[in-house]
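What follows is one structure encoded as structure tokens, with my remarks underneath.
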Amino acid sequence: MSNQNLRIIFAGTPEFAAQHLQALINSHHDVVAVYSQPDRPAGRGRKLTASPVKQLAMDHQLEIQQPLSLKEPDTQAQLASYQADIMVVVAYGLLLPQVVLDIPRLGCINVHGSLLPRWRGAAPIQRALLAGDAETGITIMQMAAGLDTGPMLHKSTVAISEQDTSASLYDKLAIAGCTSLIEVLDQIECLRAQEQDEKLTCYADKLSKSEGVINWQQPAPAISLQVRGLNPWPVAYTGFSQQKLRIWMAQAQPNKHTDMAPGTVIGYSKQGINVACGQGQLLITALQWPGSKAISGAQLKNLQQKLPIGSLLGREDSPL
Numbered sequence: 031m032s033n034q035n036l037r038i039i040f041a042g043t044p045e046f047a048a049q050h051l052q053a054l055i056n057s058h059h060d061v062v063a064v065y066s067q068p069d070r071p072a073g074r075g076r077k078l079t080a081s082p083v084k085q086l087a088m089d090h091q092l093e094i095q096q097p098l099s100l101k102e103p104d105t106q107a108q109l110a111s112y113q114a115d116i117m118v119v120v121a122y123g124l125l126l127p128q129v130v131l132d133i134p135r136l137g138c139i140n141v142h143g144s145l146l147p148r149w150r151g152a153a154p155i156q157r158a159l160l161a162g163d164a165e166t167g168i169t170i171m172q173m174a175a176g177l178d179t180g181p182m183l184h185k186s187t188v189a190i191s192e193q194d195t196s197a198s199l200y201d202k203l204a205i206a207g208c209t210s211l212i213e214v215l216d217q218i219e220c221l222r223a224q225e226q227d228e229k230l231t232c233y234a235d236k237l238s239k240s241e242g243v244i245n246w247q248q249p250a251p252a253i254s255l256q257v258r259g260l261n262p263w264p265v266a267y268t269g270f271s272q273q274k275l276r277i278w279m280a281q282a283q284p285n286k287h288t289d290m291a292p293g294t295v296i297g298y299s300k301q302g303i304n305v306a307c308g309q310g311q312l313l314i315t316a317l318q319w320p321g322s323k324a325i326s327g328a329q330l331k332n333l334q335q336k337l338p339i340g341s342l343l344g345r346e347d348s349p350l
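Residues in the sequence shown are numbered from 31 upward in steps of one, following the numbering used here.
Written out as structure tokens, the structure is:
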């Protein structure tokens, strides 16, 4: 292990990236500049809001850059002026041209939330859950011009439990990523990168709100994966009486069979609401009625007047 203090440029935007920046701040390495996306409107007032990475950088009086693009010569010259040994990129959201990749002495590395080459692209954590993968992980790669195509420096595997949502998986992967990042930086000059096997590639397309619509003809395990994979965004939902019911958590009960039509509310229990599926039943354990907060477990019994046993979810008169 090397104790060399590397001069690091960090580039990232969301909370997942901010946790990695914090790990660098806590390490013996030197963060000489932080790059993050420009401030965006957020909240009901649409007030311009700094990203989690920018907020953390301001807290630690780090130099911050927020270019709209890294393609401009002046922006590239600014980046080169930091004379960084390496650039660490975590969920930044801007394309790095080849000229930028070549600026730091040791190039640019990326912390990616999957076991590459599986799940290249924008939503690797959610896609692993939606596909029913048993495990995922962190890959740290030397960046190349393509989308998540660079040679791999380090992999760390994380198991996916039957209770994981994309939110809980984010937390697990952030912990693994922070640990892996410091390990890689401490050994960077003696690591050998491994090329990705292009035959194993699959892409994690960006999520869309339309993916939240539940098709009750699907088997219960598939719907459970949909619910968990889309929590906390865009959240799986179903229609009922011209209203959109958001389902935050659910468990598949594949061995429970019924003759009722898929989407039929079968009954209530201390755990939640049972609904018939194409195969098996889904136990909804957290649900949000329009205009209300999400409720869970035994509280769901309070919905029986609004959503009686025998109600059919996902009907044609619903806002799907």
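Ideal Cβ positions, reconstructed from N, Cα and C, are used throughout, including at glycine.
- For residue 209, the enclosing alpha helix (DSSP H) covers residues 196-217.
- The three-state secondary structure of residue 160, taken from DSSP, is helix.
- Restricted to the stretch 63-93, the alpha helix (DSSP H) segments that are unbroken, complete and at least 4 residues in length are 82-89, listed in chain order.
- The stretch 278-295 makes contact with the stretch 239-258: 3 or more CB pairs, one atom from each, lie closer than 8 Å.
- DSSP links residue 288 through a beta bridge to no other residue.
- Taking a contact as a CB-CB distance under 8 Å, the pair residue 46 and residue 61 does not count as one, their CB atoms being some 17 Å apart.
- The criterion of a C-beta distance shorter than 7 Å is not satisfied by residue 214 and residue 203.
- Counting the other Cβ atoms within 10 Å of the Cβ of residue 111 gives fewer than 16, which makes it exposed.
- In the three-state scheme derived from DSSP, where H, G and I count as helix and E and B as strand, residue 148 is classed as coil.
- Within the same chain, and ignoring the five residues on either side of residue 257 in sequence, the residues whose Cβ sits closer than 6 Å to its Cβ are 266, 277 and 280.
- Distance from the Cα of residue 205 is smallest, within the candidate group 37, 42, 51 and 36, for 51.
- If you look at residue 128, you'll find it in the alpha helix (DSSP H) that goes 128-131.
- Residue 305 and residue 340 do not touch by the CB rule: their CB atoms are close to 11 Å apart, not below 8 Å.
- Under a 10 Å Cβ-count criterion, residue 115 is classified as buried, with 16 or more other Cβ atoms of the shown protein chains found around its own Cβ.
- Membership of residue 180 in any beta strand (DSSP E) is not indicated, and neither H nor E is assigned to it by DSSP.
- Residue nearest to residue 292 within the set 249, 272 and 132 is 249 (criterion: CA-CA distance).
- Within the DSSP bridge table, the entry for residue 60 names 37 as partners.
- With fewer than 16 other Cβ atoms from the protein chains shown falling within 10 Å of its own Cβ, residue 177 counts as exposed.
- Taking the Cα positions, residue 316 is about 10 Å away from residue 328.
- With a threshold of 16 other beta carbon atoms within 10 Å, residue 129 falls short and is exposed.
- Closest by C-alpha distance to residue 53, out of 125, 212 and 186, is 212.
- The C-beta of residue 240 has fewer than 16 other C-beta atoms within 10 Å across all chains shown, which makes the residue exposed.
- When the alpha-carbon of residue 269 is set against those of 287, 233 and 242, the nearest one is in 242.
- Looking at the DSSP output, residue 233 shares a beta bridge with 150.
- The Cβ-Cβ distance between residue 168 and residue 139 does not fall below 7 Å.
- In terms of CA proximity to residue 195, 160 leads the group 160, 185, 179 and 184.
- Ranked by Cα distance from residue 224, the first of 247, 182, 236 and 209 is 182.
- In the structure shown, residue 108 falls within a helical segment according to DSSP collapsed to helix, strand and coil.
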